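Student: Once you've had a glance at the structure underneath, I'll fire off some questions.
Numbering (the numbering used here), first residue to last: -2 to 340.
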């Protein structure tokens, strides 16, 4: 038997020799082929572990023309919505026999471009992507598009992307949040928006405007605050609002993080939520349930969106002309009423 410390050179032939089996039997056993009985599979896999065998996935994928790997690009895994979506993606991908490789763009187009080329080089079978807040087109995804490698965007989608997408009904979410504040008596509703090159924030702002128009409340551009929706950026925007003395009676924030920051800054200067200003967020993050007062928010089903994204991608990978794949799937959203907007 070969030196077991030299793990990078262990092959299926070494395992076959150790167990007095054929290389083809070892190969099938390592792939959990049902033609190989459980006893043999267990022996082969046990010996592979003992010998330190590492499969050559690149060579295997070249032979089979399939890697069984899906690439995933997200802005940040630390975002609550993305972490729940990733859970759904991982669960659904495993069900179909695929592994997931995740890359974070860190909200930069440069890193997003780098990840696209990395995943293309890795020969992934398909790519799931959430565009960065600053992505204005989809040109850098061309290696996948031009080579007909399945590509599905979910949540954030580049403007005018003609392919497959999975999103929440962001227009309706913006409308429901703003309508709720209006029905609670708010007349002057501020809005924290993400960068407006991004489809989510365009649609949530459009829903906000539509609700104002429905209830004949004039749109005031000065009430719109555009930033990257982090705690720091939202905190600074809130401080500027409170320092101006021209305080709104309602706040619709395009994510829960910035809504939480607004509530925290209001508390520091003695402004009461919801008595003086009512607040609605978006995403139903864990933070929305533990902040005091608890945060009214829009639920957009991150886990289910992740599952649906994988289902769509796998249908495209395993193309069957008899199965119709929905091109632009839109999830319903729901208003979750809590203390921050109710007296």
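Heads up, the beta-carbon is just placed ideally off N, CA and C, and yes, glycines get one too.
Owing to the predicted nature of the structure, the values given are computational and were not obtained by experimental measurement.
For residue 74, tell me which candidate among 88, 91, 92, 102 has the shortest Cα-Cα distance.
Tutor: Nearest option by C-alpha distance: 102.
Student: Rounded to whole angstroms, how far is the Cβ of residue 125 from the Cβ of residue 154, which I believe are closer than 8 Å?
Tutor: Not a contact, Cβ separation roughly 12 Å.
Student: Looking only at its own chain, which residues have a Cβ that is under 8 Å from the Cβ of residue 187, when we skip the five neighbours before and after it?
Tutor: Cβ neighbours of residue 187 beyond the five flanking positions: 220, 221, 222, 238, 245, 247, 248, 249.
Student: Going by CA-CA distance only, name the one from 306, 318, 52, 234 that's closest to residue 262.
Tutor: Among 306, 318, 52, 234, the Cα nearest to that of residue 262 is on 234.
Student: Mind checking whether the beta-carbon of residue 160 lies closer than 8 Å to any heavy atom of the ligand COA?
Tutor: Within the structure as shown, the ligand COA is missing, as the structure has no ligands at all.
Student: Can you give, in chain order, each stretch of the beta strand (DSSP E) that sits fully within the stretch 118 to 186 and has at least 3 residues?
Tutor: Runs found: 123 to 126, 148 to 151, 161 to 165.
Student: Under the three-state reduction of DSSP, which class applies to residue 95: helix, strand or coil?
Tutor: In this structure, residue 95 counts as coil in the three-state DSSP scheme.
Student: Does the distance from the CB of residue 165 to the CB of residue 204 come in under 9 Å?
Tutor: Their beta carbons are not under 9 Å apart, which means residue 165 does not touch residue 204 by this criterion.
Student: I'd like the span of the beta strand (DSSP E) that includes residue 202, first residue to last.
Tutor: Where residue 202 is concerned, there is no enclosing beta strand (DSSP E), although the alpha helix (DSSP H) it sits in stretches over 196 to 211.
Student: Please name the residue in 309, 23, 323, 236 whose C-alpha comes closest to that of residue 147.
Tutor: For residue 147, the nearest C-alpha among the options comes from 309.
Student: Taking contact to mean 3 or more Cβ pairs, one atom from each stretch, closer than 8 Å, check whether the stretch 111 to 118 and the stretch 328 to 336 are in contact.
Tutor: Contact fails: fewer than three Cβ-Cβ distances are below 8 Å.
Student: If you run the structure through DSSP and keep just helix, strand and coil, what is residue 292?
Tutor: Looking at residue 292 - three-state DSSP - the assignment turns out to be coil, as it is neither helix nor strand.
Student: With distance defined between alpha-carbon atoms, name the residue in 253, 267, 266 nearest to residue 276.
Tutor: Of the listed residues, the one whose Cα sits closest to residue 276 is 253.
Student: Can you tell me whether residue 334 is helix, strand or coil according to DSSP?
Tutor: Residue 334: coil per DSSP, three-state reduction.
Student: Identify, in the order they occur along the chain, each residue of the same chain with its Cβ nearer than 8 Å to the Cβ of residue 121, setting aside the five sequence neighbours on each side.
Tutor: Closer than 8 Å at the Cβ level, and outside the excluded window around residue 121, lie 64, 66, 67, 68, 98, 146.
Student: For the candidate residues 9, 230, 194, 338, whose alpha-carbon lies nearest to that of residue 182?
Tutor: Out of 9, 230, 194, 338, 338 has the C-alpha closest to the C-alpha of residue 182.
Student: Thinking C-beta only, is residue 22 closer than 9 Å to residue 33?
Tutor: A contact, by the Cβ cut-off of 9 Å.
Student: Can you tell which of 86, 209, 156, 199 has the C-alpha that lies nearest to the C-alpha of residue 134?
Tutor: That would be 156, whose Cα lies nearest to the Cα of residue 134.
Student: Is residue 202 near residue 179, with beta carbons less than 9 Å apart?
Tutor: Against a cut-off of 9 Å, the Cβ pair of residue 179 and residue 202 comes out as no contact.
Student: What number of angstroms, rounded off, separates the C-alpha of residue 70 from the C-alpha of residue 110?
Tutor: Cα to Cα, the separation comes out at about 10 Å.
Student: Please check the pair residue 95 and residue 299, which I expect to be a contact at CB under 8 Å, by giving their CB distance rounded to whole angstroms.
Tutor: About 19 Å; that fails the 8 Å criterion.
Student: Could you check which residue in 228, 211, 163, 185 has the C-alpha nearest to that of residue 350?
Tutor: Look at the range of the chain in this structure, -2 to 340, and you will see that residue 350 is not part of it.
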